[in-house]
Amino acid sequence: MLKSIRKKRGMAASLAKKKVPTGGDTGRNGERKKSSEQKIDNIKICDLICIRCSEVETLGHVLGYCPKGELLRNNRHHKVRSSIATTLRKAKWEVYEEVHCLAENGSTRRADIIAIDLRNQRSLILDPTVRFEKDDQQANNVNDEKKYIWRDTK
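For the record, in the sequence shown the residue sitting at position 95 is 95 according to UniProt numbering, with numbers rising by one throughout.
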């Protein structure tokens, strides 16, 4: 049983990269509709499809993408943000949460935390992210992504 579960997880990850057609969709009550049934290594592709949104179901998909878990993801993010803000306040930083900012090109952003250390004359824009780790470069990739997003903000 465990071997077949691992095989399905591996297959789902490889299918997510290949964008294999699912051959099905979900009905009103979440039941699967099957227009055709494809198999790879005797595993039905429809068994690897998320019943909520018809994407390939992987752990990363469920934790970080599927609309079904959006409220839980947002709540988790807000708890992390609040925890960081509280820690900075205890360290005598001036802290602002959910600050609306304007980029040089006119687009708007919302900073999760702007922290100011008046004693040392420095400030930080903090944009915490909770992501599913897919490799050992995930933290660096997210850091680069966040720097790119905030590069033009005043």
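Don't be surprised by glycine CBs; every beta carbon is placed ideally from N, CA and C.
Just so we're clear, the structure is a prediction, and the values are computed from it rather than from any experiment.
Assuming residue i and residue j form a contact by the criterion Cβ under 8 angstroms, report the distance between their Cβ atoms to the nearest whole angstrom.
i: Leu126; j: Ala115; result: 6 angstroms
i: Glu97; j: Ile113; result: 6 angstroms
i: Gly64; j: Arg131; result: 6 angstroms
Do you know how far the Cα of residue j is from the Cα of residue i?
i: Ala91; j: Val99; result: 20 angstroms
i: Ala139; j: Gly60; result: 15 angstroms
i: Thr87; j: Arg81; result: 10 angstroms
i: Leu48; j: Glu133; result: 20 angstroms
i: Val56; j: Ser123; result: 42 angstroms
i: His77; j: Ile51; result: 25 angstroms
i: Lys68; j: Asp117; result: 39 angstroms
i: Thr22; j: Gln121; result: No answer about Thr22 holds up, because its pLDDT of 42 lies below 50 and its placement is not dependable.
i: Asn143; j: Thr129; result: 10 angstroms
i: Thr26; j: Cys53; result: Any answer about Thr26 is weak, because its pLDDT of 46 lies below 50 and its placement is not dependable; what the coordinates show is given next. Distance between the alpha carbons of Thr26 and Cys53 is about 8 angstroms.
i: Arg28; j: Asn105; result: Residue placement at Arg28 cannot be trusted, given a pLDDT of 45 that sits under 50; what the coordinates show is reported in the next sentence. Approximately 43 angstroms between the Cα atoms of the pair.
i: Asn141; j: Cys66; result: 21 angstroms
i: Leu71; j: Ser83; result: 18 angstroms
i: Arg119; j: Lys79; result: 27 angstroms
i: Arg73; j: Val62; result: 10 angstroms
i: Arg89; j: Thr58; result: 38 angstroms
i: residue 156; j: Asn75; result: Residue 156 is absent from the structure shown; the chain starts at 1 and stops at 154.
Could you pull the DSSP bridge partners for residue i from this structure?
i: Ala103; result: Thr153
i: Arg122; result: Asp117
i: Thr108; result: Leu102
i: Ile49; result: Val56
i: Glu97; result: Ile113
Which one of the options has the shortest CA to CA distance from residue i?
i: Ser107; options: Thr87, Cys53, Leu48, Thr153; result: Thr153
i: Ile149; options: Glu70, Ile84, Arg109; result: Arg109
i: Ala111; options: Ser83, Lys146, Asp135, Arg119; result: Lys146
Under 8 angstroms between C-beta atoms, does residue i make it to chain B?
i: Lys134; result: Any reference to chain B falls outside this structure, which holds one protein chain only.
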